[in-house]
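K.L.:
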Amino acid sequence: MQISELHVGDAYTNQEIVDTFKCGNMGGLRRSKQTNTLVIFVKHGQCYHADEWRDGVLNFTGMGKVGDQSINYSQNKTLAESRSSGIGLHLFESFEPGNYIYSGEVELSAEPFEAIEPGKDGRDRVVIKFPLKLKQ
């Protein structure tokens, strides 16, 4: 399957996403240099991250499960620089394990910002929030 064949609202398996985007099979941010894309996963109610839609903007929590996050760390940097790099950002949302709904292509709607949230270990830490909106 080609990226252009994905349909917003349709469900895809992890393997279908990996095969389509030529990306890794784990993590909430998966970069593919081969397809020049960054695949973003939001697991509603299945994860400790507080990713939420508000007024058409998804405040997505960056990479890093424990300790303070950095905007310059791994795919956080890729996402932060996405407006100037030309990388395609594609969002999948999951409401049950193993079922990923394609939400479409997204873009940063504002500058990333810091917030305080608990990590996987329950301790408060600084996280990077990326405001994303669906691309028109």
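According to our numbering, the sequence shown is numbered sequentially starting from 27. Heads up, the beta-carbon is just placed ideally off N, CA and C, and yes, glycines get one too. Just so we're clear, the structure is a prediction, and the values are computed from it rather than from any experiment.
Would you mind working out which of Asp77, Gln60, Gly50 and Val44 sits nearest Gly119, comparing C-alpha positions?
P.N.:
Position 93 of the sequence shown, counted from the start, is the residue given in the question as residue 119. Residue identity differs from the one stated: residue 119 is Glu in this sequence, not Gly. Glu119 has its Cα closest to that of Asp77, out of Asp77, Gln60, Gly50 and Val44.
K.L.:
So, helix, strand or coil for Asp45, using DSSP?
P.N.:
Reading the sequence shown from its first residue, position 19 is the one you call residue 45. It is helical.
K.L.:
Name the residue from Val92, Glu140, Phe121 and Val152 whose alpha carbon lies nearest to the alpha carbon of Val68.
P.N.:
Counted from its first residue, the sequence shown places residue 68 at position 42. Comparing Cα positions, the closest option is Phe121.
K.L.:
Tell me which residue opens and which closes the alpha helix (DSSP H) that Arg109 is part of.
P.N.:
Taking the sequence shown and counting its residues from 1, one reaches residue 109 at position 83. It spans Ser108 to Ser111 - the alpha helix (DSSP H) in which Arg109 sits, taken as one unbroken run.
K.L.:
Give the DSSP-derived three-state secondary structure of Glu137 in the structure shown.
P.N.:
Sequence index remark: in the sequence shown, residue 137 carries index 111 (1-based). Taken through DSSP and simplified to helix, strand or coil, Glu137 comes out as coil.
K.L.:
So the candidates are Gly53, Phe47 and Ile66; which of them puts its Cα closest to the Cα of Lys59?
P.N.:
For the purposes of this step, residue 59 is taken as residue 33 along the sequence shown, with counting starting at 1. Closest option to Lys59, Cα to Cα, is Phe47.
K.L.:
Once you ignore the five residues that flank Gln28 on each side, which residues in its own chain have a CB closer than 8 Å to its CB?
P.N.:
Along the sequence shown, one-based indexing puts residue 28 at 2. Cβ neighbours of Gln28 beyond the five flanking positions: Thr46.
K.L.:
Rounding to the nearest angstrom, what Cα-Cα distance links Gly145 and Ile154 in this structure?
P.N.:
Here residue 145 corresponds to residue number 119 of the sequence shown, with the count starting at 1. Here residue 154 corresponds to residue number 128 of the sequence shown, with the count starting at 1. Answer to the nearest angstrom: the Cα atoms are 12 Å apart.
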